[in-house]
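Enquirer:
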Amino acid sequence: MAAFPCMTIFFLVSSTLAQIVFSEIFKPHDYSKWPMPPCKMYYPLDPLYEAKCPEMTAYVCATKGHTYKNECFLCVDQWEFGPHIKFDKYGKCN
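Going by full-length UniProt numbering, the first residue of the sequence shown is number 1, and it counts up by one from there.
Okay, here's the thing in structure tokens:
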């Protein structure tokens, strides 16, 4: 008889934890509230120095509909080609 209350408590605790975990995983994210990329940290120290961006995939969309592999590539293009390249949103462009 003592096993029944333990099983009930285990089931209730595990189902509550599962609900908390899965509700955060499948919750839609509002990317408009995310901060803009910190471009100054990607700028080369010397104009002759070539910037090295990490090969990590975290897509960033610019205002002209160009998708960059990550925010570093966006920032370096902005530094090289001028301020007309602007950050639009995180994720691929539509």
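Using N, Cα and C, we set each Cβ at its ideal position, and we do this for glycine too.
Taking just the CA atoms, how far does residue 18 sit from residue 37?
Expert: Translated into positions along the sequence shown, residue 37 becomes position 37. Translated into positions along the sequence shown, residue 18 becomes position 18. For residue 37 and residue 18, the distance between alpha carbons rounds to 33 Å.
Enquirer: Using DSSP bridges, identify the partner residues of residue 90.
Expert: Here residue 90 refers to the residue found at position 90 when the sequence shown is read from its first residue. In the DSSP output, where bridge partners are listed per residue, residue 90 has 60.
Enquirer: Less than 8 Å between C-beta atoms, sequence neighbours within five positions excluded: which residues of the same chain meet that for residue 54?
Expert: Position 54 of the sequence shown holds residue 54. Around residue 54: 70, 72.
Enquirer: Skipping 5 residues on each side, what residues in its chain have a beta carbon closer than 8 Å to that of residue 79?
Expert: One-based indexing of the sequence shown puts residue 79 at position 79. 39, 42, 43, 44, 51.
Enquirer: Check for me: the alpha helix (DSSP H) holding residue 74 runs from which residue to which?
Expert: In the sequence shown, counting from the first residue as 1, residue 74 sits at position 74. Segment 71–81, the alpha helix (DSSP H) holding residue 74.
Enquirer: Which residue from 48, 47, 65, 74 puts its Cα closest to that of residue 57?
Expert: On the sequence shown, residue 57 is found 57 positions in, with the first residue counted as 1. Residue 74 is the option with its Cα nearest to residue 57.
Enquirer: Are the beta-carbon atoms belonging to residue 63 and residue 46 less than 8 Å from one another?
Expert: Here residue 63 corresponds to residue number 63 of the sequence shown, with the count starting at 1. Here residue 46 corresponds to residue number 46 of the sequence shown, with the count starting at 1. No, Cβ-Cβ distance for residue 63 and residue 46 is not below 8 Å.
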